[in-house]
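In the working numbering, the protein residues as written are 39 to 232. The structure appears right after this line, and notes come after that.
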Amino acid sequence: MRVTSAKFIKSVAKGDQIILDNKPIVAFVGRSNVGKSSLLNYLTSSKKLAKTSSTPGRTRLINYFLINEDIYFVDLPGYGFAKGNKTENSKWDELMDPFFVNSKNLKLVCVLMDCRIKPTPLDYNMLTYLNYYQIPYIVVATKCDKLPKTKVKPAIQAMANELGLGVDNIFATSSNNLQGKIELLDKFDQFVEN
Numbered sequence: 039m040r041v042t043s044a045k046f047i048k049s050v051a052k053g054d055q056i057i058l059d060n061k062p063i064v065a066f067v068g069r070s071n072v073g074k075s076s077l078l079n080y081l082t083s084s085k086k087l088a089k090t091s092s093t094p095g096r097t098r099l100i101n102y103f104l105i106n107e108d109i110y111f112v113d114l115p116g117y118g119f120a121k122g123n124k125t126e127n128s129k130w131d132e133l134m135d136p137f138f139v140n141s142k143n144l145k146l147v148c149v150l151m152d153c154r155i156k157p158t159p160l161d162y163n164m165l166t167y168l169n170y171y172q173i174p175y176i177v178v179a180t181k182c183d184k185l186p187k188t189k190v191k192p193a194i195q196a197m198a199n200e201l202g203l204g205v206d207n208i209f210a211t212s213s214n215n216l217q218g219k220i221e222l223l224d225k226f227d228q229f230v231e232n
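The following block contains the structure:
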């Protein structure tokens with residue numbers, strides 16, 4: 039896939055507001071502050087498409103971006119943000135369940151995890167959820183520029199071992215050192231075209 043255009047479409051605060059048209063969807067989910075917005079901006083070659091913040095938990099809405107006029111990239115709220123409470127986490131569930139269950143054209147979910155941190159119970163919960171609903175996913179290891187180059191492959195292998203996944207299902211990325219963009223976009227093509 040080559041991204042030639044990208045524009046923000048809308049933010050959704052309630053499950054009954056999700057977009058239900060026929061365009062395929064690639065969604066991005068992960069813990070707060072894992073780098074979802076930075077990755078979206080990197081993949082679309084736009085510095086301001088998705089708003090980035092150093093404060094965890096800023097994305098509390100479902101944000102739709104139209105790519106090449108025919109596919110949605112969807113930025114989902116971060117889970118487990120530091121200042122979240124039971125009420126906020128309940129809102130997350132109320133928003134996310136309808137998205138995952140009702141988005142019939144959801145082709146792929148990119149589960150983002152920081153390459154420097156072991157997967158958390160929340161990460162495992164997310165993968166269990168996706169497996170339960172048989173939603174295709176890949177793991178995107180973010181912030182790989184924070185590790186020395188010689189440590190990236192061992193970190194990815196350790197993550198694969200920890201998650202019980204093949205190393206080919208984990209994609210090393212960094213928006214700072216321009217790593218992983220082509221591989222990810224090519225992977226998206228495999229799912230979107232089916």
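Where is the CB? At the ideal position from N, CA and C, for every residue including glycine.
C-alpha distance - residue i paired with residue j, whole-angstrom precision
i: Phe66; j: Thr188; result: 27 angstroms
i: Lys121; j: Ser70; result: Low confidence applies to Lys121: its pLDDT is 47, below 50, so where it sits in the model is not reliable enough to give any reading.
i: Leu168; j: Val177; result: 12 angstroms
i: Ala44; j: Ser84; result: 8 angstroms
i: Gln195; j: Val205; result: 6 angstroms
i: Arg154; j: Leu87; result: 26 angstroms
i: Leu78; j: Val190; result: 21 angstroms
i: Leu58; j: Leu150; result: 24 angstroms
i: Lys48; j: Phe103; result: 7 angstroms
Endpoints, beta strand (DSSP E) assigned at residue i
i: Ser49; result: Ala44 to Val50
i: Asn101; result: Ile100 to Ile105
i: Leu146; result: Leu144 to Asp152
Rounded distance between the beta-carbons of residue j and residue i, thought under 8 angstroms
i: Ala179; j: Met164; result: Not a contact, Cβ separation roughly 15 angstroms.
i: Leu201; j: Pro157; result: 6 angstroms
i: Asp135; j: Gly53; result: 7 angstroms
Residue closest to residue i, alpha-carbon to alpha-carbon, out of the options
i: Lys225; options: Pro174, Gly68, Val190 and Tyr117; result: Pro174
i: Tyr171; options: Ala193, Cys182, Asn199 and Phe137; result: Phe137
i: Val112; options: Asn101, Ile105 and Asn106; result: Asn101
Any chain B beta carbon closer than 8 angstroms to residue i
i: Lys52; result: Of the protein chains in the structure, only one exists, and it is not chain B.
Range covered by the alpha helix (DSSP H) that runs through residue i
i: Ala193; result: Lys187 to Leu201
i: Val41; result: Careful: Val41 lies outside any alpha helix (DSSP H) and carries neither H nor E.
i: Tyr110; result: It is not in any alpha helix (DSSP H) - Tyr110 instead sits in the beta strand (DSSP E) that spans Ile109 to Asp113.
i: Tyr167; result: Pro159 to Tyr170
Per DSSP, cross-strand counterpart(s) of residue i
i: Asp227; result: DSSP lists no partner for Asp227.
i: Met175; result: Correcting the residue type first, residue 175 is Tyr in the shown sequence and not Met. For Tyr175, which the question treats as bridged, DSSP gives the partners Val147.
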